[in-house]
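Residue numbers (the working numbering), protein chains in the order written: chain A, 1 to 268; chain B, 1001 to 1381. We put the CB at the ideal spot given by N, CA and C, even for glycine. Predicted, not measured: the structure shown is a model, and the values here were computed from it. Below: one structure, written as C-alpha cells.
Encoded structure:
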C-alpha cells in the first residue's frame, strides 16, 4: 500500500535527518501565512442502520455511590438520527504548516472529569506542546486514572473524593501517538476513556449528531486518519486502513454525509 | 530463537504439563547453549511478535525492522549505541562479551535474549520474569511514571526479588553489576524502539528504505526513550525523615495513624489488599500491563488471544502483608517508595505527590502507612 504523500515527505525528511541532531524533523510547524492559505474540513458520519442498544455495564464496586447511575457501554455511539459520535479524524501526514491562530486559541488544558462514576468526556485529544491534561474527580468516591502511552511515561493517578484538594491533577504528554491511548480506572473496571496526544491541533471527534469540523487546515494535500474505538482504523473500501487523502482548498471543504454499514462495526 | 506457543499445553492437567514443560525447557536450553557458545550461527535478537496474529508481520516487514534495529543497535554479540546515546558502550560490551558475558550466562534463560521476559524458563515461573521491552519497571524510586534510576536496577540485581525466581547477584563484582544495569537499559531502549518501528511498518504499512526507517527510529524511538532514562534522576523521590518510633508508644501511635490512612477512602488500599491486609480485596481480576493485553472481554476472546502470545495470561495478586515478603525489598525505605511512586505497569497507583499530581498521601504520612504495613509481621525494635 504505497502512499504517495507520505513517501514524498519521508524522502524530504531523510535529507534533513541525516544531517541534523535536534528533535522535530517530522514535526509540523506553526507558520505565518496569508489568511487565504487555510481551509476547514467538515462532514458527518452516519450509522446506516438501527442504532445498536448500548449494554448496561456491570457496576459492582462502590455500589452505594455508583450503583444508582445507568452506566452503559460507550464503544459504539450511534444516535436515533444515525449520527455516529466519538470517531476521531486527524491529520496523519508528518510535515505541514499549522495556522498560528490555532496556537493562540488553543485552551491551556484538556479536561477529564470523573463524574457519576464514569469518565467525561469519553473521547479527548490533546496538543502535547501546547496543552496539559487536567484531571478532576467530582465524585464522592476515590477515582484512579491510569494510562500507558507507547514510548511515554505511564500514569497511575489517585484522586481522592471531592472536596479534597488532591482531587485534581495535571499531566503532560511528552510525545504524540499514532492512535488514541486508552484510559482506565483500576478501582472501577467499567470506566473507560481515550485521549489522542498529537503534535498539532488538526483533529476532530465526531459530535453526537456525527458531525465534525477541523478548522484552518493548511491548503494542499493532506492525509487523514479515521479511528473508532471498537474497530480501530475505520477500514472502508474508500478509506483503506481508515486513511483518506485529500487536497484541502482554502475555505470550506465539505465531505458531506458518509454512511457506514453496521457490519463494519462487528468486532474483529 | 525458541518462541514456542505454549498456551496450548496449559489446558492439560499439571502432571502432564510438567514433563512436557521440562522437555521444552531442556530443548530450549540446548538451543540456547548452541547459540550462546559461539559454535553455530551468530545470536540474533528475536522479533517482538507478541500480540500479533500468526503471519500478521510479513517477511519484508520483519526484514525491514530487523535490519533497521541491527544498523542502529547491533546484535546480541555485537551491540551498538550511537555516540550521543547516553549509554556506556563499554559497560554494554562487558555485559555481552561477544556472547560469553554475564547477561548470557545469568539472565537469558529467564529474561530471553532480547529481554522480552520470555526466556525458555519463563513459562514455569510465576510471576514471569520482567519484560524490559515495554520500558516499564515495577520497583523504582522515581515519581511521575519516570524510568528507574540506576540505583533501583542495581538494588534489584543485588538483592534479588523475594518470592520470585529472581536471585540475588550480590556476589558478582560491582563492574559486572554496572554492566548488567547498563545492558538492561540498552535492551529496554531497544525494545521500545522496536515497538515504535513495528507500529510504523506493520500497523501503518510504511514501506521505507532502511536508511529512512533508521532516521525515524533514531529520532522518534531511541532518542525519546534515552531522554526519559536521562530524566529519571531528576524524578527520584527523597523521603522526609522517618518519624521517630523508638518507644513502643510512638510506634503504636504511628501504626494507628497508618491504619486509619490505610482504611480510609482516599487511596483505596483496601480495595486490593483487603481490610485485613491479606491481599483479599474486592478487586478479583487484576492484571499487569504485560498481561492485560492478553485478556479479552469474553473467555473465548481470551482463549483466542492466547495464540498470539508466548506465555499464557497470568493474574496479578495484591501483596499479602501477613506473609511479610515484599518483592521490591522489606526495608522501610523500600516500602516507602512502593507507596509513594506506586508499582509501574501494575494497578498499584502512586499515592504520594508527583509534579502536577498532589496524590492522596503527604510524604510524612506515607511513613505511618509503612509502619502499619510492617506491623502485620514485624515488631519494631
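Neighbour-count burial assignment, residue i, 16 or more Cβ in a 10 Å radius
i               : result
residue 1322(B) : exposed
residue 254(A)  : exposed
residue 1374(B) : buried
residue 1333(B) : exposed
residue 1061(B) : buried
residue 238(A)  : exposed
residue 18(A)   : A caution first: residue 18(A) carries a pLDDT of 32, below 50, which makes its placement in the model unreliable, though a value can still be read off. When all chains shown are included, residue 18(A) counts as exposed.
residue 93(A)   : buried
residue 1174(B) : exposed
residue 1263(B) : exposed
residue 1298(B) : exposed
residue 31(A)   : exposed
residue 69(A)   : exposed
residue 1078(B) : exposed
residue 1146(B) : buried
residue 145(A)  : buried
residue 142(A)  : buried
residue 1303(B) : exposed
residue 111(A)  : exposed
residue 225(A)  : buried
residue 1258(B) : buried
residue 1093(B) : buried
residue 1221(B) : buried
residue 1068(B) : buried
residue 261(A)  : exposed
residue 23(A)   : Here the model assigns residue 23(A) a pLDDT of 41, short of 50, so the residue's position is not dependable and the matter cannot be decided.
residue 1371(B) : buried
Closest residue to residue i among the options (Cα-Cα distance)
i               : options                               : result
residue 61(A)   : 31(A), 118(A), 210(A) and 97(A)       : 118(A)
residue 1071(B) : 1211(B), 1056(B) and 1117(B)          : 1211(B)
residue 1215(B) : 1082(B), 1043(B) and 1376(B)          : 1082(B)
residue 67(A)   : 100(A), 210(A), 54(A) and 116(A)      : 116(A)
residue 36(A)   : 102(A), 256(A), 217(A) and 200(A)     : 217(A)
residue 1460(B) : 1117(B), 1112(B), 1096(B) and 1122(B) : No information on residue 1460(B) is available, as it lies outside the stretch 1001 to 1381 that chain B covers here.
residue 1268(B) : 1109(B), 1087(B), 1328(B) and 1342(B) : 1342(B)
residue 1113(B) : 1132(B), 1196(B), 1127(B) and 1247(B) : 1132(B)
residue 258(A)  : 222(A), 57(A) and 206(A)              : 206(A)
residue 1059(B) : 1277(B), 1253(B), 1205(B) and 1349(B) : 1205(B)
residue 1253(B) : 1350(B), 1368(B), 1225(B) and 1208(B) : 1368(B)
residue 222(A)  : 160(A), 80(A), 97(A) and 48(A)        : 97(A)
residue 1364(B) : 1336(B), 1354(B), 1357(B) and 1349(B) : 1336(B)
residue 99(A)   : 44(A), 219(A), 182(A) and 86(A)       : 219(A)
residue 1115(B) : 1182(B), 1243(B) and 1126(B)          : 1182(B)
residue 244(A)  : 161(A), 215(A) and 89(A)              : 89(A)
residue 1284(B) : 1272(B), 1260(B) and 1136(B)          : 1272(B)
residue 105(A)  : 41(A), 86(A), 131(A) and 91(A)        : 131(A)
residue 1270(B) : 1249(B), 1230(B), 1307(B) and 1319(B) : 1319(B)
Cross-strand partners of residue i (DSSP beta bridge)
i               : result
residue 89(A)   : 204(A) and 226(A)
residue 109(A)  : 132(A)
residue 1360(B) : Looking at the DSSP assignment, residue 1360(B) forms no beta bridge with any residue, so it has no partner.
residue 221(A)  : 247(A)
residue 115(A)  : 118(A)
residue 253(A)  : 41(A)
residue 30(A)   : 98(A)
residue 1401(B) : In the structure as shown, chain B begins at 1001 and stops at 1381. Residue 1401(B) is therefore absent and cannot be evaluated.
residue 211(A)  : 44(A)
residue 1074(B) : 1079(B)
residue 56(A)   : 72(A)
residue 234(A)  : DSSP output for residue 234(A) lists no bridge partner at all.
residue 258(A)  : 45(A)
residue 78(A)   : 84(A)
Residue i beta carbon near the ligand FMN (any heavy atom closer than 8 Å)
i              : result
residue 129(A) : Summarising the ligand content, the structure contains no ligands, and the ligand FMN is consequently not present.
Worksheet item: Can you give, in chain order, each stretch of the beta strand (DSSP E) that sits fully within the region 151-205 of chain A and has at least 3 residues?
Response: 155-159, 168-171, 181-184, 192-198 and 203-205
Worksheet item: Is the region 1141-1160 of chain B touching the region 1233-1247 of chain B, taking contact as three or more C-beta pairs under 8 Å?
Response: yes
Fill in: Length-filtered (3 minimum) beta strand (DSSP E) runs lying within the region 122-152 of chain A
123-127, 132-137 and 143-147
Item to complete: Pick out the complete beta strand (DSSP E) segments inside the region 1115-1166 of chain B, 3 residues or longer, and give them in chain order.
Response: none
Worksheet entry | Any beta strand (DSSP E) of 3 or more consecutive residues that is wholly inside the region 1209-1270 of chain B | none
Worksheet item: On the three-pair Cβ rule with 8 Å, is the region 1284-1295 of chain B touching the region 1305-1319 of chain B?
Response: yes
Worksheet item: Can you find at least 3 beta carbon pairs, one from the region 175-182 of chain A and one from the region 132-152 of chain A, that sit closer than 8 Å?
Response: yes
Worksheet item: Mind pulling the alpha helix (DSSP H) runs of 4 or more residues that sit fully within the region 1292-1348 of chain B?
Response: 1299-1306 and 1332-1341
Fill in: Cβ pair count under 8 Å reaching 3, the region 1048-1064 of chain B against the region 1148-1156 of chain B
Between the region 1048-1064 of chain B and the region 1148-1156 of chain B there are fewer than three inter-stretch CB-CB distances shorter than 8 Å, so the stretches are not counted as touching.
Worksheet entry | Stretch pair the region 241-259 of chain A + the region 35-49 of chain A: three plus CB contacts closer than 8 Å | yes
Worksheet item: Three or more C-beta pairs closer than 8 Å, one from the region 192-210 of chain A and one from the region 121-128 of chain A: is that the case here?
Response: yes
Worksheet item: Does the region 75-84 of chain A touch the region 40-50 of chain A, meaning 3 or more C-beta pairs lie closer than 8 Å?
Response: yes
Practice prompt. Kindly provide the ranges of any alpha helix (DSSP H) runs that are 4 or more residues long and lie completely inside the region 1079-1112 of chain B, ordered along the chain.
Written response: You should have 1089-1096 and 1108-1111.
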